[in-house]
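Q:
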Amino acid sequence: MTEVTREDCVARDASDPLASFRSEFVLPEGVIYLDGNSLGVLPARTAAHLEHVVTQEWGQGLIRSWNDAGWFDKPRTLGDRVGGLIGAGPGQVVVCDSTSVNVFKALSAALGLRPGRDVVVGDRDNFPTDLYMMQGATGTLGGYEHRLIWADGPELADVLDERVAAVVLTHVDYRTGRMYDMAAVTAQVQAAGALMIWDLAHSVGALPVDLDGCGVDLAIGCTYKYVNGGPGAPAFIYVASRHQDSASQPLSGWHGHAEPFAFTPDYAPAPGITRFLVGTPHLLSYAGLESSLEIWDRVDLASLRAKSLALTDLFIELVEARVGEHVEVVTPRDHAVRGSQVSLRHEDGYAPMQALIERGVIGDFRAPDLMRFGFTPLYVGYADVWDAVDVLTDILTTEVWREPRYATRHAVT
Ligand SMILES: Cc1ncc(COP(=O)(O)O)c(C=O)c1O
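Position in the sequence shown (from 1) plus 1081 gives the number in the numbering used here.
(1) Under 8 Å by Cβ, that's how I've got Phe-1102 and Tyr-1463 pegged, so tell me the actual separation to the nearest angstrom.
(2) Ligand 1 and Ser-1181: does any heavy atom of the ligand fall closer than 7 Å to the residue's C-beta?
(3) Decide if Leu-1143 is buried, meaning its Cβ has at least 16 other Cβ atoms within 10 Å, or exposed.
(4) State the beta-bridge partners of Gln-1141 as determined by DSSP.
(5) Please determine whether the Cβ atom of Tyr-1261 lies at a distance below 7 Å from any heavy atom of ligand 1.
(6) Would you call the segment 1302–1321 and the segment 1183–1197 touching, i.e. three or more CB-CB distances under 8 Å?
(7) Can you name the start and end residues of the beta strand (DSSP E) that Leu-1319 belongs to?
(8) Measuring only the C-alpha atoms, how far is Phe-1342 from Met-1263?
(9) Assign Trp-1152 to one of three DSSP states: helix, strand, or coil.
(10) Below 8 Å between beta carbons: does that hold for Leu-1451 and Val-1411?
(11) From the DSSP output, read off the bridge partner residues of Val-1174.
(12) Checking 8 Å against the spacing of the C-beta atoms, do Leu-1365 and Val-1134 come in under that value?
(13) Between the Cα of Gly-1274 and those of Asp-1094, Asp-1233, Val-1202, spot the shortest distance and give me the residue it belongs to.
(14) In this structure, how does DSSP classify Gln-1269 when only helix, strand and coil are distinguished?
(15) Just checking Cys-1090 against ligand 1 - is the residue's beta carbon closer than 7 Å to any of the ligand's heavy atoms?
(16) Determine the direct distance from the alpha carbon of Gly-1193 to that of Met-1277, and round the result to whole angstroms.
(17) Would you kindly work out how many angstroms separate the C-alpha atoms of Val-1270 and Leu-1237, rounded to a whole number?
(18) Report the residue ranges of all alpha helix (DSSP H) runs contained in full by the segment 1316–1379; include only those spanning at least 4 residues, in chain order.
(19) I'd like the ranges of any beta strand (DSSP E) spanning at least 3 consecutive residues and lying wholly in the segment 1228–1252.
(20) Quick one, which of Pro-1458, Phe-1153, Cys-1177 has its alpha-carbon nearest Ile-1376's?
Following this line, the structure appears as structure tokens:
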């Protein structure tokens, strides 16, 4: 049994130092949104900012906005601001392309920095696009061996040797919410002479990250989840300063050229992080990210982490007390290895999630049997957690989820 009451949760919301951020987001009436780890909520200021970019910068400024509205520099200026969320000093992050494309660029660059090594290491349980892009990048180059680690399989120490060129891992696992020790793993990989590439899709905006402090080589991530940049918001890539001028990437488009407006026939990479750009930035998507970064500029990441852990602790405590016999909490209890989501294993998983969504509690499902709940401290409160578990309890104990209509599979789960 738990001693926690709804009144306790309401009191915690009242004394929450991050509580004022909630009013900066558009939360639909009757919805408890626990899926910000998939698509973040719309910031209240974003519609007006998009309108400004469309009607003024595009509508009135037209081609002049490439210079006058700073469009041409957005990948770098927004990159530096995203860098502030992940412990990256200026000039090491550009906002561009998708996470998948950036995996390709980061891995290709890493392989070029480690000539003579012919092994790439990944995690079999990583989000599949990272594995697919590893296969694509090494397939294009040819001659690489893949070694995979996983929970019950080989460990990193088992696969690292002098043949390994690069290791690609996601910092917080998208299924379980388990988090790697970034400093320790980076040091372990580098001690073997390899380069470390982190996918920060489930870390950026979810918890503090210290890329420079951990000596990371390269990183990538997206901005449509915890960062709230909007559907299809641009991704980012980080390349540590020490690697930039010796690194090259194969998608040699004109925005990565040293002199894009010289229009010379041969490619010559720009100095620094700019060489990781490819083509014309998707300016309207950048506008959504730019708007959400106005909020992030005011967020204390230590407070964010403290609340994230408190929310996930509360969710785990209430779930175990009220529906512990129906689900298994697969997310680690240990704060040191927990991200900002909690995943519950259930005999079905999909149908109960559909029943939850119908009742306004929005999480998602990850095959084969996980119900996933993301906790975004800027707009989720303690009473939301209590209410969500209350609905979950009703759905699981009444077994209403067994009604056939909840079994219909949608394309996006
Ligand atoms: C770890 C990880 N990497 C990458 C992606 C998606 O890549 P992209 O932004 O290219 O669709 C996801 C999507 O959820 C993810 O969880």
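Don't be surprised by glycine CBs; every beta carbon is placed ideally from N, CA and C. As the structure is a computational prediction, the values presented were derived from the model and not from experiment.
A: Straight from the coordinates:
(1) Start at 1 with the first residue of the sequence shown, and residue 1102 comes out as number 21. Start at 1 with the first residue of the sequence shown, and residue 1463 comes out as number 382. Between Tyr-1463 and Phe-1102 the Cβ distance is about 14 Å, and since that is not below 8 Å, they are no contact.
(2) In the sequence shown, the residue the question calls residue 1181 occupies position 100. Ser-1181: yes, Cβ under 7 Å from ligand 1.
(3) The residue labelled residue 1143 in the question sits at position 62 within the sequence shown. Under this definition Leu-1143 is an exposed residue.
(4) For the purposes of this step, residue 1141 is taken as residue 60 along the sequence shown, with counting starting at 1. DSSP, once it has assigned bridges, lists no residue as partnering Gln-1141.
(5) Against the sequence shown, residue 1261 aligns to sequence position 180. It does not: the Cβ of Tyr-1261 is nowhere closer than 7 Å to a heavy atom of ligand 1.
(6) yes
(7) By one-based count along the sequence shown, residue 1319 stands at place 238. Residue 1319 is actually Tyr in this sequence, not Leu. 1317–1320 is the span of the beta strand (DSSP E), which, as asked, contains Tyr-1319.
(8) Reading the sequence shown from its first residue, position 261 is the one you call residue 1342. Reading the sequence shown from its first residue, position 182 is the one you call residue 1263. Near 40 Å, if we compare the C-alpha coordinates of Met-1263 and Phe-1342.
(9) The sequence position of residue 1152 within the sequence shown is 71, counting from 1. The answer is coil: DSSP assigns Trp-1152 none of H, G, I, E or B.
(10) The sequence position of residue 1451 within the sequence shown is 370, counting from 1. The sequence position of residue 1411 within the sequence shown is 330, counting from 1. The answer is yes: Cβ separation under 8 Å.
(11) Within the sequence shown, residue 1174 is the residue found at index 93, counting from 1. DSSP, once it has assigned bridges, lists Tyr-1319 as partnering Val-1174.
(12) As a working note, residue 1365 is residue 284 in the sequence shown. As a working note, residue 1134 is residue 53 in the sequence shown. Taking 8 Å as the Cβ cut-off, Leu-1365 and Val-1134 qualify as a contacting pair.
(13) Locating residue 1274 in the sequence shown gives position 193, where the first residue counts as 1. Ranking the options by Cα distance to Gly-1274, first place goes to Val-1202.
(14) On the sequence shown, residue 1269 is found 188 positions in, with the first residue counted as 1. Three-state DSSP puts Gln-1269 in a helix.
(15) If you number the sequence shown from 1, residue 1090 lands on position 9. Checking the Cβ of Cys-1090 against ligand 1 gives no.
(16) Mapped onto the sequence shown, residue 1277 falls at position 196. Mapped onto the sequence shown, residue 1193 falls at position 112. Distance between the alpha carbons of Met-1277 and Gly-1193: 13 Å.
(17) Position 189 of the sequence shown, counting from 1, holds the residue named residue 1270. Position 156 of the sequence shown, counting from 1, holds the residue named residue 1237. So the two alpha carbons sit approximately 8 Å from each other.
(18) 1322–1325, 1364–1377
(19) 1245–1251
(20) In the sequence shown, residue 1376 corresponds to position 295, counting from 1. Cα-wise, what sits closest to Ile-1376 is Pro-1458.
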